[in-house]
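Worksheet: the structure to be examined is printed underneath.
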Amino acid sequence: PHFNPNQLTHGAPEDEIRHAGDLGNIVADANGVAEATIVDNQIPLTGPNSVVGRALVVHELEDDLGKG
(Lines of atoms letter the chains of each structure in order from A; the text may use other names.)
(Lines give C-alpha, C1' and ligand atoms only; values in the text may rest on other atoms or scores of the structure.)
Protein backbone atom coordinates (compact mmCIF):
# COMPACT_ATOMS: atom_id res chain seq x y z
CA PRO A 1 0.00 0.00 0.00
CA HIS A 2 1.01 3.62 -0.47
CA PHE A 3 2.31 5.65 2.48
CA ASN A 4 -0.93 7.22 3.70
CA PRO A 5 -0.63 8.65 7.24
CA ASN A 6 -3.64 10.96 6.76
CA GLN A 7 -5.99 8.25 5.41
CA LEU A 8 -6.77 10.15 2.19
CA THR A 9 -7.83 8.77 -1.20
CA HIS A 10 -5.46 7.70 -3.98
CA GLY A 11 -4.41 10.39 -6.44
CA ALA A 12 -1.65 11.99 -8.48
CA PRO A 13 1.30 13.98 -7.10
CA GLU A 14 -0.30 17.25 -8.21
CA ASP A 15 -3.63 16.45 -6.50
CA GLU A 16 -4.33 18.27 -3.24
CA ILE A 17 -6.07 15.20 -1.80
CA ARG A 18 -3.93 12.07 -2.20
CA HIS A 19 -1.88 9.53 -0.31
CA ALA A 20 1.42 11.04 0.80
CA GLY A 21 3.06 8.13 -1.02
CA ASP A 22 1.39 8.87 -4.36
CA LEU A 23 4.59 9.96 -6.07
CA GLY A 24 3.61 9.38 -9.70
CA ASN A 25 5.12 7.31 -12.47
CA ILE A 26 8.72 6.96 -13.59
CA VAL A 27 9.90 5.43 -16.86
CA ALA A 28 12.85 3.10 -17.30
CA ASP A 29 15.02 3.08 -20.40
CA ALA A 30 15.67 0.04 -22.63
CA ASN A 31 18.23 -1.21 -20.09
CA GLY A 32 15.73 -1.06 -17.24
CA VAL A 33 17.37 2.00 -15.68
CA ALA A 34 15.17 4.73 -14.26
CA GLU A 35 16.31 7.97 -12.65
CA ALA A 36 14.03 10.29 -10.73
CA THR A 37 14.21 13.33 -8.49
CA ILE A 38 11.23 13.75 -6.18
CA VAL A 39 10.45 17.01 -4.40
CA ASP A 40 7.24 16.77 -2.41
CA ASN A 41 5.91 18.52 0.70
CA GLN A 42 3.89 15.46 1.78
CA ILE A 43 6.89 13.19 2.40
CA PRO A 44 8.70 14.71 5.39
CA LEU A 45 12.19 13.67 6.49
CA THR A 46 11.49 14.45 10.16
CA GLY A 47 8.57 14.16 12.57
CA PRO A 48 5.99 11.45 13.26
CA ASN A 49 5.30 10.81 9.55
CA SER A 50 8.93 10.80 8.45
CA VAL A 51 9.76 8.60 5.46
CA VAL A 52 13.29 7.98 6.72
CA GLY A 53 13.75 4.23 7.19
CA ARG A 54 10.85 3.34 4.88
CA ALA A 55 11.10 1.50 1.57
CA LEU A 56 10.51 2.96 -1.88
CA VAL A 57 8.58 0.48 -4.03
CA VAL A 58 8.64 0.66 -7.82
CA HIS A 59 5.92 -1.30 -9.60
CA GLU A 60 6.21 -2.75 -13.09
CA LEU A 61 2.95 -1.32 -14.42
CA GLU A 62 1.81 2.28 -14.81
CA ASP A 63 -0.18 3.73 -11.90
CA ASP A 64 -3.60 5.12 -12.86
CA LEU A 65 -3.05 7.97 -10.35
CA GLY A 66 -6.50 7.47 -8.89
CA LYS A 67 -8.17 8.25 -12.22
CA GLY A 68 -8.87 4.57 -13.06
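Using the UniProt record's numbering, you'd call the opening residue of the sequence shown number 1 and step up by one each time.
Backbone N, C-alpha and C define an ideal beta-carbon position, used for all residues, glycine too.
Small disclaimer: the values here were computed from a predicted structure and weren't measured.
The beta carbon of T46 sits closer than 8 Å to the beta carbons of V52 from its chain, once the five residues preceding and following it are set aside; these are given in chain order. Take G11, set aside five residues on each side of it, and the residues of its chain with a beta-carbon closer than 8 Å to its own are I17, R18, H19, D22, L65 and G66, in chain order. Going by beta carbons, N49 and P5 fall inside the 9 Å limit. Taking the Cα positions, Q7 is about 15 Å away from D15.
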